[in-house]
Structure formats: C-alpha cells, structure tokens
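Peer 1: Please find one structure pasted underneath; my questions will follow.
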Amino acid sequence: DINSGRQQMSASSNKVFFMMAYFHQVEKGRIKYTNSDKKTLEKMIRNSNNGCTNKIINRVNSPKGKGDWMDTILDHYGFDATEYEKIPKGGRTIRNLTTSEDLAKLFTMIYAGDLPHSEEMVRILELGASDKLVHNTCIPIESRFLDSHGGYVQEVGNKTGTIYGVSSDAGVISARFQTPQGETVDVPYFVSILIEDKEAKQDNFRGGYDAWSSAKNETIRSLHEAIYWDFLSRYSGQPPSCNAHKGVHP
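All residue numbers for the sequence shown refer to this note's numbering, where the first residue is 409 and numbers rise by one.
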C-alpha cells in the first residue's frame, strides 16, 4: 500500500465508476438497460471507446430532477475522492480523478455483489480486454501450470487507462495455487497501480509519448509480477518462474 489515498489522474480506469453509476440508475428505474446500452457499456470497458463513455455519462445524467446525477451517485456510495468529466476531444482527460482506495472499494463492492447488477458488471469487466497486469508477463495463465509452477491466474477483471502523463490499471485477479500438501486454493485479490506525471506536456513530451507509456506499462507489469510471485511463495512455497526477469522485480 503506497499512496493509496492520494488523488491522481486515472484516465480510463474511471470508466468503471461510470458503469456503476449507470446500473444504479437502472436499479432506481430512471433508465432502462437496453441492448444498445449493453453494447455501449461493453465498448466503453473492453475497447475503452471514448465516444461510448460520453454516451453512458449522458445516460446517467439524463433523468430530470438533478443537475448532475453522476456526482450524486458517487457521493451516495462514498467515493469522495473520485471526480469526473466527459472525455474531451483528443482523449486527454485530466479531470477524471480518483484514488486507489476508491478503486479498491468499487471493485470489492462489485465482486462481493453489493452493487446493483454486480454480476453483469463482473461479466463486462472479464470480457477479455487488454490488461497491463498479466498480459505480456511471466505469470502463468493456464491450468496445466498448477502442478509444474504451483499456480496460475484464472481470470482478470480490470480497466486500464493511458494518456500522456498517466498509465494505470486496476482490477481483480483470480489466482489458483497448489499448496505443498497438494490442496488447491483460490485467491482473488485486487491490484491498483496509478502512475502520474503532472508535468507531462503534449509538446516535447519527455522521451515521446510512445516511449513513456511503454516504459510505464512495463513498470506496472513488473510490479504486478512481484505481487503475484509473493502470493505464489506464500501459498505454494515455490520460487518465481520468470525467465524474463529471472525472478527479480522492482
């Protein structure tokens, strides 16, 4: 836990809050969950489509009676450090802010079934979108590694975020480990990594956007690898099996 209560730019990771607010409105009977909205939500989370994001924000705020339903809903659930804006042209959203604490609370409530339509939100989060936590890492993702490596990741439900100056990923990792006694243990855990460079400028960006984001994405991967190997050693007693980093992580 490092700076989990510090408010930071979160880029597209905030879109999970928008999905939560949408289903809150559905539960209250203010809007209906249509097939069109279903596809829009899936594109917002799986493809991080900004146009779809703004459509969902409009849907949340569309019922009459409140000037800003989104803020009201965020306050209702106690997400006091989370702020939002529509995604501007060009995609660089600097007013979508949150903390790792708020993200942890949100994902915990979703996966515990404590929010309206939690099961549907889990389905959307686990559609197989790209992630910076497991994809392109040394972490096993197939059940055949349970015996040979002591564990593997079964599922990832997450939302990434990337703009120049921000790289993030937050989600629930469903891991399975085999103990030294041969017992199988399922371990779900939450990870939120937000990297922010407030001095980032669109022009003359340090190292260039691609170079910066690529380096920070790799940092997120390496950090989560270290977290996973720690769980592996605790539950299975086996050492890391990481050829790329030789078991050494930041």
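In this text, a Cβ means the ideal position worked out from N, Cα and C, and glycines have one as well.
Under 8 Å: do the region 465-482 and the region 492-506 share three or more Cβ pairs, one atom per stretch?
Peer 2: These segments touch.
Peer 1: So, using beta-carbon positions, are L602 and S418 closer together than 8 Å?
Peer 2: For L602 and S418, yes; Cβs fall inside 8 Å.
Peer 1: By the 10 Å Cβ neighbour count, where 16 or more other Cβ atoms means buried, how is A623 classified, buried or exposed?
Peer 2: A623 comes out exposed.
Peer 1: Classify P548 as buried or exposed, calling it buried when 16 or more other Cβ atoms lie within 10 Å of its own Cβ.
Peer 2: So P548 counts as buried.
Peer 1: With which residues is T506 paired in a DSSP beta bridge?
Peer 2: Q416, per the DSSP bridge assignment.
Peer 1: Where does the unbroken beta strand (DSSP E) through T570 begin, and where does it stop?
Peer 2: It spans 559-571 - the beta strand (DSSP E) in which T570 sits, taken as one unbroken run.
Peer 1: Would DSSP call Q589 helix, strand or coil?
Peer 2: Three-state result, Q589: coil.
Peer 1: Can you list, in chain order, the stretches of the beta strand (DSSP E) that have 3 or more residues and sit fully within the region 463-487?
Peer 2: DSSP runs (the beta strand (DSSP E)) wholly in the region 463-487: none.
Peer 1: State the Cα-Cα distance for the pair V434 and T587, rounded to the nearest angstrom.
Peer 2: Whole-angstrom Cα-Cα distance: 43 Å.
Peer 1: Check whether the Cβ atoms of T507 and R414 sit closer than 8 Å, and answer yes or no.
Peer 2: Cβ atoms of T507 and R414: closer than 8 Å.
Peer 1: Take V574 as the anchor and find which of R500, L535, G437 has the nearest alpha-carbon.
Peer 2: Nearest C-alpha to V574: R500.
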